[in-house]
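Residue 9 is where the sequence shown starts when you use this note's numbering, and the numbers rise one by one after that.
Cβ atoms here follow ideal geometry from the backbone N, Cα and C, with glycine treated the same way.
It should be emphasised that the depicted structure is a prediction, and the values quoted were computed from it without experimental measurement.
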Amino acid sequence: MKLMDRFGGGATISALTLTLALSVGLSGCASSTTTVESSGGAGASEESVSRLNRATRTSLSRHDAPIAAVLNELGDDAKAYHAHVITLSNPYFEGRAPGSRGVEAAADYIEFHMREIGLEPAFESIVTTSDGAEVLEPSYRQNFTIPGGVMVNTAAFSWRGPDSGGFLTAESDFDPMPFTGSGEADGDVVFVGYAIESGPDDYTSFQDDPDLSGKIVMMYRFEPMDADGKSLWSTRGRWSSRAGLTPKIRSVTDRGASGVIFINPPGADDPRADSLMSIRGSRFGGNGDVPVIMVAPEAAERMVAAAGTTLSNLRTMADEGAHGAISLDGVSASIDVDIERLEIATDNVAGVLPGKGSLRNNYVVIGAHYDHVGYGEYGTRSPGLLHPGADDNASGTAGVILAASKLNEMYDAMPEDADARSIIFIGFTAEEMGLLGSRHFVQEPPVALSQISAMLNMDMIGRVRDNSIEILGVGTGEEFEVILDEHVELSGINAKLSELPGGRSDHAPFSDEGVPALAFFSGLHTDYHAPGDVGSKVSFKGAVRVTNLVSGVAFDIATRPAQLTYVEEETEDEPSQGPRMANMSVRLGIAPGNYADDQPGVLVGGVSEGTSAA
Numbered sequence: 009m010k011l012m013d014r015f016g017g018g019a020t021i022s023a024l025t026l027t028l029a030l031s032v033g034l035s036g037c038a039s040s041t042t043t044v045e046s047s048g049g050a051g052a053s054e055e056s057v058s059r060l061n062r063a064t065r066t067s068l069s070r071h072d073a074p075i076a077a078v079l080n081e082l083g084d085d086a087k088a089y090h091a092h093v094i095t096l097s098n099p100y101f102e103g104r105a106p107g108s109r110g111v112e113a114a115a116d117y118i119e120f121h122m123r124e125i126g127l128e129p130a131f132e133s134i135v136t137t138s139d140g141a142e143v144l145e146p147s148y149r150q151n152f153t154i155p156g157g158v159m160v161n162t163a164a165f166s167w168r169g170p171d172s173g174g175f176l177t178a179e180s181d182f183d184p185m186p187f188t189g190s191g192e193a194d195g196d197v198v199f200v201g202y203a204i205e206s207g208p209d210d211y212t213s214f215q216d217d218p219d220l221s222g223k224i225v226m227m228y229r230f231e232p233m234d235a236d237g238k239s240l241w242s243t244r245g246r247w248s249s250r251a252g253l254t255p256k257i258r259s260v261t262d263r264g265a266s267g268v269i270f271i272n273p274p275g276a277d278d279p280r281a282d283s284l285m286s287i288r289g290s291r292f293g294g295n296g297d298v299p300v301i302m303v304a305p306e307a308a309e310r311m312v313a314a315a316g317t318t319l320s321n322l323r324t325m326a327d328e329g330a331h332g333a334i335s336l337d338g339v340s341a342s343i344d345v346d347i348e349r350l351e352i353a354t355d356n357v358a359g360v361l362p363g364k365g366s367l368r369n370n371y372v373v374i375g376a377h378y379d380h381v382g383y384g385e386y387g388t389r390s391p392g393l394l395h396p397g398a399d400d401n402a403s404g405t406a407g408v409i410l411a412a413s414k415l416n417e418m419y420d421a422m423p424e425d426a427d428a429r430s431i432i433f434i435g436f437t438a439e440e441m442g443l444l445g446s447r448h449f450v451q452e453p454p455v456a457l458s459q460i461s462a463m464l465n466m467d468m469i470g471r472v473r474d475n476s477i478e479i480l481g482v483g484t485g486e487e488f489e490v491i492l493d494e495h496v497e498l499s500g501i502n503a504k505l506s507e508l509p510g511g512r513s514d515h516a517p518f519s520d521e522g523v524p525a526l527a528f529f530s531g532l533h534t535d536y537h538a539p540g541d542v543g544s545k546v547s548f549k550g551a552v553r554v555t556n557l558v559s560g561v562a563f564d565i566a567t568r569p570a571q572l573t574y575v576e577e578e579t580e581d582e583p584s585q586g587p588r589m590a591n592m593s594v595r596l597g598i599a600p601g602n603y604a605d606d607q608p609g610v611l612v613g614g615v616s617e618g619t620s621a622a
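See below:
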């Protein structure tokens with residue numbers, strides 16, 4: 009490398025190593041060393057080397073010292089917490105979606121730290137010995153399976169007309185839909201328009217209630233349209249609720265249909281009208297009663313032409329008003345679909361801090377989910393992009409590891425004759441797919457649920473703003489409010505307490521089963537389930553404060569002589585919390601502003617483009 013006049017009038021530096029310290033900052037960048045080799049043999053003058061060394065020291069001071077100073081000022085807890093969050097949200101962990109190599113690496117990471125802290129394994133697993141015997145051994149893993157992808161083993165479709173017919177090609181001419189079941193169907197083809205039971209002005213696709221037994225039923229997607237391809241019924245959004253696919257399928261299977269063919273109607277003003285809906289690559293679906301396929305308009309046009317009509321003529325009939333089933337004379341079809349639902353093996357990861365004295369066989373659970381949505385496989389506005397999941401929920405997972413370390417030290421400092429409950433520290437898997445990990449834990453707990461005094465959940469504790477958080481589920485434990493009043497005041501955090509538990513995180517399965525449960529939450533933000541949820545945006549100081557609060561509350565509950573008193577939730581007038589995004593077939597397109605409001609309605613915290621909410 010030729011150094012210009014600034015470093016000695018064009019002298020060449022030979023074998024000089026410049027250590028350019030790119031600091032390990034809040035964004036988690038690694039340090040880098042650059043070696044600069046000479047292009048000639050001349051050595052550098054002492055003055056030029058001295059100048060270069062001073063410049064390098066200035067660079068080190070300017071770039072490294074502020075980050076180090078910040079972390080040093082925040083203390084050892086913040087350093088440890090920062091390391092956990094930055095590590096778990098690194099692209100190496102692939103967004104931690106169940107079934108990925110990255111989520112397995114995250115489970116290894118959590119288990120490693122549980123071992124280092126000295127926690128005991130929370131579970132037992134079956135191990136096969138060298139002589140073939142199966143024995144139970146202690147394990148930090150609770151292995152189970154969850155629904156994985158859907159494999160299409162067979163997808164065949166053919167049709168027959170008076171003078172034509174043939175086999176269609178899967179994925180281009182037709183494809184099985186997410187609503188399909190496995191099975192074979194063969195029969196005459198009947199057209200039922202939009203397959204809508206009832207609509208405005210006495211509209212129905214099933215005038216005279218036709219018997220569809222053994223028929224292959226062809227139907228249009230969407231609903232009656234005007235000349236511009238827009239809905240005749242919707243006052244908001246592109247289509248009304250009558251365009252839903254599930255009721256259409258049910259309407260014909262209830263009348264005996266043995267198979268279903270969907271077609272996108274010609275001229276529909278909808279971006280989906282030019283593509284096939286397919287079950288391929290989906291994690292969900294495949295549970296239907298009959299084979300359901302979508303056929304491309306070009307192939308469908310050939311089928312209806314064999315019966316002497318066109319897709320446009322059929323659309324006109326379906327748009328105009330009530331009608332019944334229309335037989336496509338002389339046209340029959342065969343459908344053969346075989347769908348295999350795959351299973352994913354995944355693990356809850358948990359360790360136990362043993363209790364003391366008379367309370368040793370009672371428990372407190374501190375948990376957080378460690379999974380996220382990977383490359384946007386579900387529940388996201390940005391499919392295909394890496395979702396690091398720093399706040400959701402590397403932040404809570406880091407909190408569990410830090411709380412385990414802190415409470416281990418607190419237990420070590422207790423007198424030998426003290427009484428204290430054991431504490432289970434757990435990282436749940438598959439929360440983003442519908443609380444599957446925590447639901448499995450309460451269905452197959454390593455200890456009786458009656459022995460668990462309370463569950464404390466940390467989900468998204470990393471974006472503490474204005475020193476404020478929400479604590480949900482206060483109403484599930486009679487003693488919670490008194491306990492929290494004391495510890496929240498000591499923490500210096502502004503906490504909004506909600507009586508309602510909410511149903512969107514891993515505390516919910518516990519409270520559903522009669523265990524008092526709290527959820528600690530720093531609030532939603534625009535990076536929720538988005539690629540921008542990165543470690544550099546986490547409030548490490550605030551998150552450590554939340555973790556300290558959880559640790560204090562846990563220690564208080566663990567050393568109380570009596571079990572906490574569960575209070576059953578009053579649900580008579582409370583609106584349903586609804587399913588997780590991963591299980592939704594319809595998406596409104598809002599991100600709630602919080603989960604803690606006791607006021608009617610939902611505070612809208614964000615709106616996704618292109619959705620009904622927008």
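*With DSSP run on the structure shown, which of helix, strand or coil describes Asp209?*
helix
*Extent of the continuous alpha helix (DSSP H) run through Met122*: Per DSSP, Met122 is one residue of the alpha helix (DSSP H) stretching across Arg109 to Ile125.
*Anyone know if the C-beta pair for Val360 and Ile271 falls short of 8 Å?*
no
*Are at least three pairs of beta-carbons, each pair with one atom in the segment 314-333 and one in the segment 341-350, less than 8 Å apart?*
Result no; under three Cβ-Cβ pairs closer than 8 Å.
*Measuring CB to CB, does Arg471 end up less than 8 Å from Gly531?*
yes
_Contact defined as beta carbons within less than 8 Å: I believe Asp183 pairs with Leu336. What is the distance between those atoms, to the nearest angstrom?_
Rounded, the Cβ-Cβ distance is 21 Å, inconsistent with contact.
_Among Asn151, Tyr386, Pro208 and Val546, nearest to His90 - alpha-carbon criterion_ = If we check each option's Cα against that of His90, Val546 comes out closest.
*Tell me the DSSP bridge mates of Thr153?*
Ala353
*For Pro99, I'd like the list of residues in its chain whose CB is within less than 8 Å of its CB, leaving aside the five on either flank, ordered along the chain.*
Leu394 and Pro396
_Buried/exposed call for Glu81, threshold 16 Cβ in 10 Å_ = exposed
*DSSP beta-bridge partners of Ser335*: For Ser335, which the question treats as bridged, DSSP gives the partners Val198.
*Enumerate in chain order the residues of its own chain whose CB-to-CB distance from Val450 is below 7 Å, with the five nearest sequence positions on each side excluded.*
Leu457, Pro517, Phe518 and Glu521
*Could you give the residue range of the beta strand (DSSP E) that holds Pro184?*
Phe182 to Pro184
*Taking the alpha-carbon positions, what's the Arg355 to Asp181 distance?*
Note that residue 355 corresponds to Asp in the displayed sequence, not to Arg. Each residue's alpha carbon lies about 40 Å from the other.
*Report, in whole angstroms, the separation of the C-beta atoms of Phe563 and Pro524, which I expect to be a contact under 8 Å.*
Actually they are not in contact, since the Cβ atoms of Phe563 and Pro524 sit about 16 Å apart, beyond 8 Å.
_Option in Leu508, Leu367 and Ser559 with minimal Cα separation from His495_ = Ser559
*Spatial neighbours of Asp210 within its chain, please: CB distance less than 7 Å, with the 5 preceding and 5 following residues excluded, ordered by chain position.*
Ala330
*Which term fits Phe230, buried or exposed, when burial requires 16 or more other beta carbons within 10 angstroms of its beta carbon?*
buried
*When Gln571, Gly222 and Gly387 are compared against Ala428, the one with the closest alpha-carbon*: Gln571
*Decide if Ser499 is buried, meaning its Cβ has at least 16 other Cβ atoms within 10 Å, or exposed.*
buried
*Considering Val135, what are the terminal residues of the beta strand (DSSP E) in which it resides?*
Taken as a continuous stretch (DSSP letters only), the beta strand (DSSP E) holding Val135 covers Phe131 to Thr136.
*In the DSSP assignment, what residue or residues form a beta bridge with Arg168?*
According to DSSP, which records beta bridges pairwise, Arg168 is partnered with Gly173 and Ser340.
*Where does Arg473 fall in DSSP's three states?*
Residue state, collapsed to three classes: strand.
*asked:* Alpha carbons only, please: which of Lys223, Leu176, Leu350 and Ser190 is nearest the one belonging to Gly264?
replied: Lys223
*Run the CB neighbour count on Gly189, radius 10 Å, all protein chains shown included, and call it buried at 16 or more, exposed below.*
Buried.
*asked:* DSSP three-state label for Ala426, please.
replied: coil
_So, for Gly540: in the same chain, excluding its five sequence neighbours on each side, which residues have a beta-carbon less than 8 Å away from its beta-carbon?_
Non-local C-beta neighbours of Gly540 in its own chain, meaning closer than 8 Å and more than five positions away in sequence, comprise Thr534, ordered along the chain.
*Do the CB positions of Ala307 and Gly338 come within less than 8 Å of each other?*
no
_Helix, strand or coil for Phe436? Go by DSSP, reduced to three states._
strand
*What do you get for Asp425, buried or exposed, if any count of 16 or more other CB atoms within 10 angstroms of its CB means buried?*
The residue in question, Asp425, is exposed, as its Cβ has fewer than 16 Cβ neighbours within 10 Å.
*Excluding the five sequence neighbours on either side, which residues of its own chain have a C-beta within less than 7 Å of the C-beta of Lys238, listed in chain order?*
Residues of the same chain with a CB within less than 7 Å of the CB of Lys238, apart from the 5 flanking positions on each side, are Asp277 in chain order.
*Take the Cβ of Gly245 as the centre, count every other Cβ of all protein chains shown within 10 Å, and call the residue buried at 16 or more, exposed below.*
exposed
*Which of the three DSSP states, helix, strand or coil, is assigned to Phe528?*
The answer is strand: DSSP assigns Phe528 an E or B state.
*CB contact flag (Phe131, Gln150, <8 Å)*: Taking 8 Å as the Cβ cut-off, Phe131 and Gln150 qualify as a contacting pair.
*Starting from His533, trace the alpha helix (DSSP H) both ways and give me its first and last residue.*
Looking at the DSSP string, His533 is not in any alpha helix (DSSP H), and its letter there is neither H nor E.
*Taking the continuous beta strand (DSSP E) assigned at Phe303, which residues delimit it?*
At residue 303 the sequence reads Val, which differs from the Phe that was named. Residues Val300 to Val303.
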